[in-house]
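Engineer: I have a structure I would like to understand better, so I am pasting it below and will then ask my questions one at a time.
Protein chains in written order, with the working numbering: chain A, 1 to 317; chain B, 1001 to 1519.
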């Protein structure tokens, strides 16, 4: 198990190194720099070049990355040359917002998709099954940038149940906080609903055809008992995997809703940093998200073992 | 309304480029100010600003309503404010005068002025702030006004200074730039991070908290000079650049006021019973034609494109025909208005010019550089669609994000690029944008006749002399075809009926010390 964990850790570190290096490469390939953003459209090339030199942006990509890596290894993710904010502070300030949106979105997606999947699995190929499939197809086809204005229109502007924009932290009270968090979370949850429902529906369908399930039925157990007690747990591996991957993606993928709803989260931070070519900030955020992603995926691997004894046995061999 | 919501998120890059002007002729619609009685003390308002500043250092902020004016005005106040119809109202300053037609100046500050930490404000603080602006790490558009400064000599509350050339309208350069904002120099010396955490100015509000990309909460500065202002106890500024979201937020009372940039949103707000406050500007939203590079280094190519494009088509395609297509460089209410119509749509003349250039082996082929905002892209595509109807002209649309577009502008490698020049008082914006050799003359225009007219407008001693000079500017401008001005600016403040004291000055700047609420 220790060997397994070390291997996973090594792979994770490699991923983080690669990802942060690619960030520097990609941003250096993009036209414009933090210096040109600071000086604006009327600066002449000589002025921009001088400021780029002062900011160290004229160094080679590799040297810039190594310099960042040296600091990051000591726990210092650097200071933004654009906003002068320490990167770690900026991330930690915004992390609770993004984490809450991501977890809430995941929760919403699971709460909606699990009942839909089980209902559909109990009546395979029926009208209900096809109807649910159609509904989730619609969810799948609606990106967050479309879902956001539509949901805002119906639930905020017309019904006035939720605010149009803004964020109330938990310190303002749970209800106030959830009112500001729900719509953004729902926007990003819709696509996940479709994915989760389909995966669970397919796995449940397979499990329900297993012999041990037939045996349970033959013993006179109710369909509901068999479904939840015997079929649901072994069918939830894929769902768990995808949910974990989704969480990592959601942490780094809330840019659109955070911008649309004026939420002070990681998504807005990285969007602003990219549009000001703030390499230091982007690198810090990406490294952070990569670490979160790797950790979540490692936890999922461990979770497999907990859910299914066969995995534990395989790992022991 | 749902359709409006579905429109893509409107960015601010273009608008921030656009709002380079000074203001007069503010107009209000649906305002309840007249019936509201005297201003009430207390209460709080949430106002949506288009974007938040990257730092609170005044020299890094842009002093216009589309960008950072609300923050700057709140924390640092204003030295002076331009008045509707001309002249200046004094804020932190008591007077600003010249005795020799604009070379030597004397600025006097009010007695008893204090920063929000209780320490006195004097002329040395103004000198320190102004000298900081004129530094290479400051954006040229911010340091253009300060670049003229020489021999700053503070003595108590009086600062005397000299300009590198006589500029009688120099007060307007102060009003329109971050020179109008004075921060405590010692606080600035503590470094940007420390200053952002605890900025010190002499404005109507002090910073209570700032969650970046989120609310900036400002509390009343009890030592503000202009009592009983500010009226509000608290002002919360929240960034959101999507004007559809701004409208929805104000309609649903999620916010009390916000900024819109299009006539269609403004009209929708009025229909929904909100009050709107706007300003009249000359100039407009435009395309810069780079006179340094082919094909627009040939005046015929510029004329051909301007004659080929029907600006009403752009109006219809981008703002449902609710915008205004400018007919003259100076709008009709401007003291500098002259009846010199902007180049009109003339397809026959355009085709003739395209053919002529093609026959000479110089077919017109160019790229339109657009920002990523939906309005910017839509406008570029509207121009492209119209030019497709002509022979001997090919057009590509190049969509770049803000840093890439900024870099392209700085490198002067664009051919036709989205931008804007808006002004009521043409000084200094028009001079800086069109006079040869000026840093803000991104199109590289260099015409001695236009330069002479701009210089006469800058130095004119009487209103009549200036009016004549700008009539010459407008006439010559129309012969040079440097910009395709397609829409008048439609900047407006949208606010609920409980919001009062919405006053704009200079570059559509909201005076936050005047705001009050009847809620």
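Backbone N, C-alpha and C fix where the C-beta goes; we use that ideal spot for every residue, glycine too.
Treat the numbers as computed from the prediction; the structure is a model and nothing was measured.
Would you decide whether residue 1491(B) is buried or exposed? Buried here means 16 or more other CB atoms lie within 10 Å of its CB.
Structural biologist: The residue you call residue 1491(B) lines up with position 491 of the second chain. Its Cβ being crowded by 16 or more others within 10 Å, residue 1491(B) is buried.
Engineer: Specify the secondary structure class of residue 1024(B) as computed by DSSP and reduced to three states.
Structural biologist: Your numbering for residue 1024(B) matches position 24 in the second chain. Any reading at residue 1024(B) is ruled out, since the residue's pLDDT is 42, under 50, leaving its predicted position unreliable.
Engineer: Check whether the stretch 1152–1171 of chain B touches the stretch 1089–1106 of chain B, taking contact to mean three or more Cβ pairs, one atom from each stretch, closer than 8 Å.
Structural biologist: The answer is yes - the stretch 1089–1106 of chain B touches the stretch 1152–1171 of chain B, with three or more Cβ pairs under 8 Å.
Engineer: Is residue 126(A) helix, strand or coil when you go by DSSP?
Structural biologist: Your numbering for residue 126(A) matches position 126 in the first chain. Residue 126(A): coil per DSSP, three-state reduction.
Engineer: Need the endpoints of the alpha helix (DSSP H) that residue 972(B) sits in, please.
Structural biologist: Because chain B here runs from 1001 to 1519, residue 972(B) falls outside it and cannot be looked at.
Engineer: Pick out whichever of 1318(B), 1351(B), 1347(B) and 1337(B) has its Cα sitting closest to the Cα of residue 1377(B).
Structural biologist: Your numbering for residue 1377(B) matches position 377 in the second chain. Nearest C-alpha to residue 1377(B): 1318(B).
Engineer: DSSP beta-bridge partners for residue 1520(B)?
Structural biologist: Since the first and last residues shown for chain B are 1001 and 1519, residue 1520(B) lies out of range.
Engineer: From what residue to what residue does the alpha helix (DSSP H) around residue 1270(B) run?
Structural biologist: Reading the second chain from its first residue, position 270 is the one you call residue 1270(B). 1263–1271 is the extent of the alpha helix (DSSP H) around residue 1270(B).
Engineer: DSSP on residue 1036(B), reduced to helix/strand/coil?
Structural biologist: Here residue 1036(B) is taken as the residue at index 36 of the second chain, counted from 1. Coil at residue 1036(B), not helix or strand.
Engineer: Rounded to the nearest angstrom, how far is the Cβ of residue 251(A) from that of residue 218(A), given a contact under 8 Å?
Structural biologist: Position 251 of the first chain, counting from 1, holds the residue named residue 251(A). Position 218 of the first chain, counting from 1, holds the residue named residue 218(A). Residue 251(A) to residue 218(A), Cβ: 46 Å. No contact.
Engineer: At a CB distance below 8 Å, what residues from the stretch 150–174 of chain A approach chain B? Give them in sequence order.
Structural biologist: If the cut-off is 8 Å between Cβ atoms, the stretch 150–174 of chain A has 150, 152, 153, 156, 157, 160, 163, 164, 165, 166 and 167 near chain B.
Engineer: So, at 6 Å on beta carbons, what are the nonlocal neighbours of residue 80(A) in its own chain, with the 5 sequence-adjacent residues on each side left out?
Structural biologist: Position 80 of the first chain, counted from the start, is the residue given in the question as residue 80(A). 278, 280 and 281, listed in sequence order.
Engineer: How is the beta strand (DSSP E) around residue 62(A) delimited, first residue to last?
Structural biologist: In the first chain, the residue the question calls residue 62(A) occupies position 62. Unbroken run through residue 62(A) is the alpha helix (DSSP H), 61–73; no beta strand (DSSP E).
Engineer: May I ask you to list, following chain order, the residues of the stretch 1108–1139 of chain B that have a beta carbon less than 7 Å from some beta carbon of chain A?
Structural biologist: Those residues of the stretch 1108–1139 of chain B that come within reach of chain A (Cβ to Cβ, closer than 7 Å) are 1136, 1137 and 1139.
Engineer: Report the neighbours of residue 1275(B) on chain A: residues whose CB is nearer than 8 Å to its CB, in chain order.
Structural biologist: Position 275 of the second chain, counting from 1, holds the residue named residue 1275(B). Residues of chain A passing the Cβ test: none, with the nearest at roughly 19 Å.
Engineer: Along the stretch 233–246 of chain A, where does the CB come closer than 7 Å to a CB of chain B? Name the residues.
Structural biologist: So the list is empty, because no residue satisfies the distance condition.
Engineer: In whole angstroms, what separates the C-alpha of residue 1056(B) from that of residue 243(A)?
Structural biologist: Your numbering for residue 1056(B) matches position 56 in the second chain. Your numbering for residue 243(A) matches position 243 in the first chain. Computed Cα separation, rounded: 41 Å.
Engineer: Within the stretch 155–182 of chain A, note down every full beta strand (DSSP E) run reaching 3 residues or more, in order along the chain.
Structural biologist: Correct list: empty.
Engineer: Leaving out the 5 sequence neighbours to the left and right, which residues in its chain are closer than 8 Å to residue 1397(B) when beta-carbon positions are compared?
Structural biologist: Walking along the second chain from the start, residue 1397(B) turns up at place 397. Correct list, in chain order: 1367, 1368, 1370, 1377, 1380, 1381 and 1384.
Engineer: With a cut-off of 8 Å on the beta carbons, I'd call residue 1192(B) and residue 1080(B) a contact; round off their distance for me.
Structural biologist: Against the second chain, residue 1192(B) aligns to sequence position 192. Against the second chain, residue 1080(B) aligns to sequence position 80. The pair is not a contact, with the Cβ atoms about 27 Å apart (cut-off 8 Å).
Engineer: Which of the residues in the stretch 1395–1416 of chain B, read from start to end, lie with their CB under 9 Å from any CB of chain A?
Structural biologist: If the cut-off is 9 Å between Cβ atoms, the stretch 1395–1416 of chain B has 1400, 1401, 1402, 1403, 1404, 1405, 1406, 1407, 1408, 1409, 1410, 1411 and 1412 near chain A.
Engineer: Under 6 Å Cβ to Cβ from residue 1077(B), same chain only, skipping five residues before and after it: list those, please.
Structural biologist: Taking the first residue of the second chain as position 1, residue 1077(B) is located at position 77. For residue 1077(B), where only same-chain residues beyond five positions count, the Cβ hits under 6 Å are 1091, 1092, 1202 and 1203.
Engineer: Does the distance from the C-beta atom of residue 1133(B) to that of residue 1059(B) stay below 8 Å?
Structural biologist: Taking the first residue of the second chain as position 1, residue 1133(B) is located at position 133. Taking the first residue of the second chain as position 1, residue 1059(B) is located at position 59. The answer is yes: Cβ separation under 8 Å.
Engineer: The beta strand (DSSP E) that contains residue 1068(B), what's its start and end?
Structural biologist: Start at 1 with the first residue of the second chain, and residue 1068(B) comes out as number 68. From DSSP, residue 1068(B) is part of no beta strand (DSSP E); its letter is neither H nor E.
Engineer: In whole angstroms, what is the alpha-carbon distance linking residue 1098(B) and residue 64(A)?
Structural biologist: Along the second chain, read from residue 1 onward, the residue named residue 1098(B) stands at position 98. Along the first chain, read from residue 1 onward, the residue named residue 64(A) stands at position 64. Answer to the nearest angstrom: the Cα atoms are 51 Å apart.
Engineer: So, for residue 35(A): in the same chain, excluding its five sequence neighbours on each side, which residues have a beta-carbon less than 7 Å away from its beta-carbon?
Structural biologist: Within the first chain, residue 35(A) is the residue found at index 35, counting from 1. For residue 35(A), where only same-chain residues beyond five positions count, the Cβ hits under 7 Å are 48, 51, 52, 55 and 57.
Engineer: Does the Cβ of residue 1348(B) have 16 or more other Cβ atoms within 10 Å, making it buried, or fewer, making it exposed?
Structural biologist: Within the second chain, residue 1348(B) is the residue found at index 348, counting from 1. When all chains shown are included, residue 1348(B) counts as exposed.
Engineer: Among all the DSSP beta bridges, which residues are the ones paired with residue 1483(B)?
Structural biologist: Sequence index remark: in the second chain, residue 1483(B) carries index 483 (1-based). Answer by DSSP bridge pairing, in chain order: 1288(B).
Engineer: Check whether chain B comes within 8 Å of residue 184(A), counting only Cβ atoms and requiring the distance to be less than that.
Structural biologist: In the first chain, counting from the first residue as 1, residue 184(A) sits at position 184. No, residue 184(A) does not count as interfacial toward chain B.
Engineer: Return the bridge partner residues of residue 1239(B) from the DSSP annotation.
Structural biologist: Taking the first residue of the second chain as 1, we reach residue 1239(B) at position 239. In the DSSP output, where bridge partners are listed per residue, residue 1239(B) has 1049(B).
Engineer: According to DSSP, is residue 1057(B) part of a helix, a strand, or is it coil?
Structural biologist: Taking the second chain and counting its residues from 1, one reaches residue 1057(B) at position 57. The answer is coil: DSSP assigns residue 1057(B) none of H, G, I, E or B.
Engineer: Comparing the C-beta of residue 3(A) with each C-beta of chain B, is any distance below 8 Å?
Structural biologist: Taking the first chain and counting its residues from 1, one reaches residue 3(A) at position 3. No, its Cβ sits nowhere closer than 8 Å to a Cβ of chain B.
Engineer: Rounded to the nearest angstrom, what separates residue 1248(B) and residue 1498(B) at their Cα positions?
Structural biologist: Translated into the one-based positions of the second chain, residue 1248(B) becomes position 248. Translated into the one-based positions of the second chain, residue 1498(B) becomes position 498. Residue 1248(B) and residue 1498(B): Cα-Cα distance of roughly 16 Å.
Engineer: Give the range of the beta strand (DSSP E) segment to which residue 227(A) is assigned.
Structural biologist: Locating residue 227(A) in the first chain gives position 227, counting from the first residue. Element bounds for residue 227(A): n/a, residue is neither H nor E.
Engineer: Taking only beta carbons into account, state which residues of the stretch 1240–1251 of chain B come closer than 8 Å to chain A, listed in chain order.
Structural biologist: The residues in question are 1240, 1242, 1244, 1245, 1248, 1249 and 1251.
Engineer: So, for residue 290(A): in the same chain, excluding its five sequence neighbours on each side, which residues have a beta-carbon less than 7 Å away from its beta-carbon?
Structural biologist: On the first chain, residue 290(A) is found 290 positions in, with the first residue counted as 1. Only 15, 16 and 19 meet the Cβ criterion.
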